[in-house]
Amino acid sequence: MELVIVESPAKAKTINKYLGSNYKVLASFGHVRDLPAKDGSVRPDDDFAMDWAVDGPSSKRLSEIAQAMKSADALILATDPDREGEAISWHVLDVLRQKKVIKDKPVRRVAFNAITKKAILEAIANPREIDAPLVDAYLARRALDYLVGFNLSPVLWRKLPGARSAGRVQSVALRLVCDREAEIERFQTDEYWQIVARLATPRGDQFDARLTAFDGEKLQRLSIGNEARAFAMRDMLNGAAFTVQSVEAKPAKRNPSPPFTTSTLQQAASAKLGFGAARTMQIAQRLYEGMDVGGETVGLITYMRTDGVQMAGEAIDAARVTIGGTFGARYVPEKARFYSTKAKNAQEAHEAIRPTSFDRHPKDMERFLDRDQARLYDLIWKRAIASQMASAEFERTTAEIRAENAGRTAQLRATGSVVRFDGFIAAYQDHRDDSKTQADQAEEDEDSARLPEIRRDERLDRKAVTTTQHFTEPPPRYSEASLIKKMEELGIGRPSTYTATVQTLQDRQYIVQENRKLLPDSKGRLVTAFLHNFFERYVEYDFTADLEGKLDGISAGELAWKDVLRDFWRDFSAQIDSTKELRVTDVLDALNEELAPLAFPDRGDGSDPRVCPRCNQGRLSLKLGKFGAFVGCSNYPECGYTRQLGTNLQAEGTEGDGGLNEPRELGVDEATGESVTLRAGRFGPYVQRGEGKEAKRSSLPKGWLVADIDLEKAVQLLSLPREVGIHPESGKPILAGLGRYGPFLQHDGAYANLETIEDVLTIGLNRAVTVIAEKKERGGRSRSTPAAIATLGDHPDIGGPITVREGRFGPYVNAGKVNATLPKSKDPTSVTLEEAIQLLNERAEKTGKAPKKPAKKASASKTAAPDKKPPAKRATAKTPKAEAAPPPRAAPKTELVKGPRAKAKAS
50 MELVIVESPA KAKTINKYLG SNYKVLASFG HVRDLPAKDG SVRPDDDFAM DWAVDGPSSK
110 RLSEIAQAMK SADALILATD PDREGEAISW HVLDVLRQKK VIKDKPVRRV AFNAITKKAI
170 LEAIANPREI DAPLVDAYLA RRALDYLVGF NLSPVLWRKL PGARSAGRVQ SVALRLVCDR
230 EAEIERFQTD EYWQIVARLA TPRGDQFDAR LTAFDGEKLQ RLSIGNEARA FAMRDMLNGA
290 AFTVQSVEAK PAKRNPSPPF TTSTLQQAAS AKLGFGAART MQIAQRLYEG MDVGGETVGL
350 ITYMRTDGVQ MAGEAIDAAR VTIGGTFGAR YVPEKARFYS TKAKNAQEAH EAIRPTSFDR
410 HPKDMERFLD RDQARLYDLI WKRAIASQMA SAEFERTTAE IRAENAGRTA QLRATGSVVR
470 FDGFIAAYQD HRDDSKTQAD QAEEDEDSAR LPEIRRDERL DRKAVTTTQH FTEPPPRYSE
530 ASLIKKMEEL GIGRPSTYTA TVQTLQDRQY IVQENRKLLP DSKGRLVTAF LHNFFERYVE
590 YDFTADLEGK LDGISAGELA WKDVLRDFWR DFSAQIDSTK ELRVTDVLDA LNEELAPLAF
650 PDRGDGSDPR VCPRCNQGRL SLKLGKFGAF VGCSNYPECG YTRQLGTNLQ AEGTEGDGGL
710 NEPRELGVDE ATGESVTLRA GRFGPYVQRG EGKEAKRSSL PKGWLVADID LEKAVQLLSL
770 PREVGIHPES GKPILAGLGR YGPFLQHDGA YANLETIEDV LTIGLNRAVT VIAEKKERGG
830 RSRSTPAAIA TLGDHPDIGG PITVREGRFG PYVNAGKVNA TLPKSKDPTS VTLEEAIQLL
890 NERAEKTGKA PKKPAKKASA SKTAAPDKKP PAKRATAKTP KAEAAPPPRA APKTELVKGP
950 RAKAKAS
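In terms of our numbering, the sequence shown opens at residue 50 and continues consecutively.
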């Protein structure tokens, strides 16, 4: 019997069906060891020696693997085909050697890009050794992330109270978000006008032409900058004679985009399906690991963490056959298409994301997949098949028109296009081509109208001339997808780290997500400003990208990993040491200057925004308190003015704990005659009617922005709960309101949930009666036993199914009698089985509900020093944790293994 090790139980289940009874497949459940979250886990003075910790659940898993290995004839390491997969194989092998169960048994490493029977059997038949350079690159990356996190974060805690941590890649990604926000704050709006004439040919056909030149001046986008000039041009055109100068029709081609990479898949799924990056990767993981298709478990797509855009030769051949059979011979180009990526530092070590078989058409797969899986598979299949199809052919027509009036002249242009052959666009049948950017799509929309027949030198009739006012807009805030795209362009991070990087920033509450846009929180702005002023090199885009390039050089065997670490540590440690003499006043002076638009916003009356509005004598400045930074008066304690630091509510402040802002007047409620104000509290913005203890208050619902709140919306909130009507059967009122658990209906002591706050404000009696009846039919007490959002699989230790549920305190995962709350920023629909197991194990250990097991002594590697260190302890809430080196999962017993790589080579 041969023992096969993979990462996930789903992958193990699929592979087990393809291999015979001579194989036993076990899952490691991801990484089995990590660096303990404590000082000294990486020791630069000891040639970068590294200590590895094995937590409780992983220890059990490794014991099961070791027990199976005792009776196995050989070990096959079949983890994912990337740097992380190689590292997991190395960790498992190293532990098994320490347990002395490998002996002289053969060890083979196999990797496959798709979980299909053919791919797996071919991999088994062509094994290799563990790729030592890939392991070296993993070790270097973990060491770098640890050294940055555990040395830079304490500097933040000392010099910038309230800051949580810093990380090598996360801090640079955070800078991108903060720089974009600063760019928006500095943006100056410009007014501009566009003029369009509605013209008609002698045959009566009408079309639009845009003004492009006036009195010999070629007009640019901002050339018409005010209403007076726009109206003067309009008046001239209203009296002008129009003549066609030229008509030119040119053929044009448009080529398909390459198949998806990790980042382009996340971008398309965000734009077309509304998925977050984590949700996209969770669904893609399921499609990769295997789905039950007609009684056969099969992987539907290739490996989904990749920056490569090329497909394997056999896949290209299969795509061309499918194109010919599905769309026709004309849609098959004469030569196959080959792509190369433009992303900086792209490795292109793996294929692009594609279907494992083009014969599995999305329509045929719908009955085997849930709705989201089917939609993502449809996106992947169409993009991959389109990438090998013929170009789309257009005819683009441009008509130049001259206008003359009393010696003045103007030039107008009409454009249009006609699709002569749809080519690859045929693959996208039911939706617009997802390969185009919004700018590309807008430009195509402008030119896509088909022009009527226009002849040179003919006179045209003027039907109307319209002028439209526009204003330039600041650059848009990043979404998850566009931030990942920017990181890829700059060479920051890698496909396996994109999603985790963005998620970490949200978990640290450095950025928040509103309407799918990423906004920096004030804590994030502070951290970025601090790092930019005192650790500028380490948040530079080029420096981080260059370091990623060196890591790639290690994985290619071109650089020695410890040499890279030495070069980095020499300069970085010197920079850390230089901050020891840094005074808090130096920090505040730098932050006051860099964060002026955030901390001291323009009041709109021309006054100095840094003059204290209370005493009119002191100067406002950033101050550091126990809970972070705030704005205060320099005349303290004579003047106790403070203001919360943040961009959500720019208003004057009041004295008091928490830095509460002074109210913003919205108006008077006509029903009560009381003043309605908008305020910022320690739990977020809220509206209030009246003053004192009897004042009515209501927090803003999720998704409502401070900038959008007016008197009407505030009064609507303050009027809740509202009576919808009288129930026709019971004769009792139905109320609609907003509670701590969200929007609801109440009737006769029972509650029913509503989808949105808008439902609360608009729902009618008939619909309310229906919702209450449906809730009654479902039965149960949903608030005590919420329905499962998703079932992820069985828990290997606690037993029973793991479910995701929406509870009174937010979403959580459940197994048996153990419940574990999800992190605040975690989308409950994106939780993976491995994440759920980790959360439940931590909760079980904390509450004492963990399954009982025999006590075991912590073992140590033979490479450990004689003076054994005590087992790593789980970090408590009082111990700040570095962003780059999260703590291992909690466990009562932890095994420590010292030594960076003494046994890295596979047999």
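Where a beta carbon is used, it is the ideal one built from N, C-alpha and C, also for glycine.
- Here DSSP, grouped into helix, strand and coil, assigns residue 628 to coil.
- Per DSSP, the unbroken beta strand (DSSP E) holding residue 515 starts and ends at 508–520.
- Apart from the 5 residues on each side of it in sequence, residue 150 sits with its Cβ closer than 7 Å to the Cβ of 115, 118, 119 in its chain, given in chain order.
- Nearest Cα to residue 420 within the set 400, 332, 738, 453: 332.
- By the Cβ criterion, the region 463–474 is not in contact with the region 340–356, since fewer than three pairs of Cβ atoms, one from each stretch, lie closer than 8 Å.
- Counted as a single uninterrupted DSSP element, the stretch harbouring residue 169 is not any beta strand (DSSP E) but the alpha helix (DSSP H) occupying residues 166–174.
- Restricting attention to 294, 367, 390, 186, the CA atom closest to the CA of residue 460 is found in 294.
- Non-local beta-carbon contacts of residue 681 in its own chain, meaning distances under 6 Å to residues more than five positions away in sequence, involve 672, 691 in chain order.
- In the structure shown, the three-state DSSP call for residue 555 is helix.
- For residue 100, the three-state secondary structure derived from DSSP is strand.
- For residue 330, the enclosing alpha helix (DSSP H) covers residues 326–338.
- Under the three-state reduction of DSSP, residue 881 is assigned to coil, being neither helix nor strand.
- The beta carbons of residue 368 and residue 437 sit closer together than 8 Å.
- Spanning the alpha carbons of residue 804 and residue 792 requires a straight line of approximately 7 Å.
- For residue 526, the number of other beta carbons within 10 angstroms of its own is at least 16, and it is reported as buried.
- Residue 382 and residue 499 have their C-alpha atoms some 27 Å from each other.
- Straight through space, the alpha carbons of residue 55 and residue 306 are spaced by roughly 33 Å.
- Under the three-state reduction of DSSP output, residue 800 falls in the strand class.
- The straight-line gap separating the alpha-carbon atoms of residue 744 and residue 882 is approximately 47 Å.
- The distance from the Cβ of residue 523 to that of residue 233 is about 4 Å, consistent with a contact at the 8 Å cut-off.
- Beta bridge pairing from DSSP links residue 430 with no other residue.
- Distance from the CA atom of residue 772 to the CA atom of residue 795, rounded to whole angstroms, is 10 Å.
- DSSP places residue 620 within a helical segment (H, G or I) once states are collapsed to three.
- Straight through space, the alpha carbons of residue 476 and residue 247 are spaced by roughly 36 Å.
- Shown here, residue 263 sits in a strand according to DSSP, grouped into three states.
- Here the C-alpha atom of residue 92 lies approximately 43 Å from the C-alpha atom of residue 308.
- Boundaries for residue 373: no beta strand (DSSP E) harbours it, while the alpha helix (DSSP H) harbouring it runs 362–375, taken from the DSSP string.
- For residue 852, the enclosing beta strand (DSSP E) stretches over residues 850–856.
- Cβ-Cβ separation between residue 463 and residue 257: approximately 7 Å, consistent with a contact (criterion under 8 Å).
- Annotated three-state conformation of residue 227 is helix, per DSSP.
- Ranking 650, 89, 786, 351 by CA distance to the CA of residue 235 puts 650 first.
- Contact annotation: the region 206–223 touches the region 567–584, with at least three C-beta pairs closer than 8 Å.
- Secondary structure at residue 450: strand, using DSSP grouped into helix, strand and coil.
- Straight-line measurement puts the Cα of residue 892 at about 24 Å from the Cα of residue 59.
- Annotated as proximal: residue 283 and residue 244, with beta-carbon spacing under 8 Å.
- The continuous alpha helix (DSSP H) containing residue 205 extends over residues 181–208.
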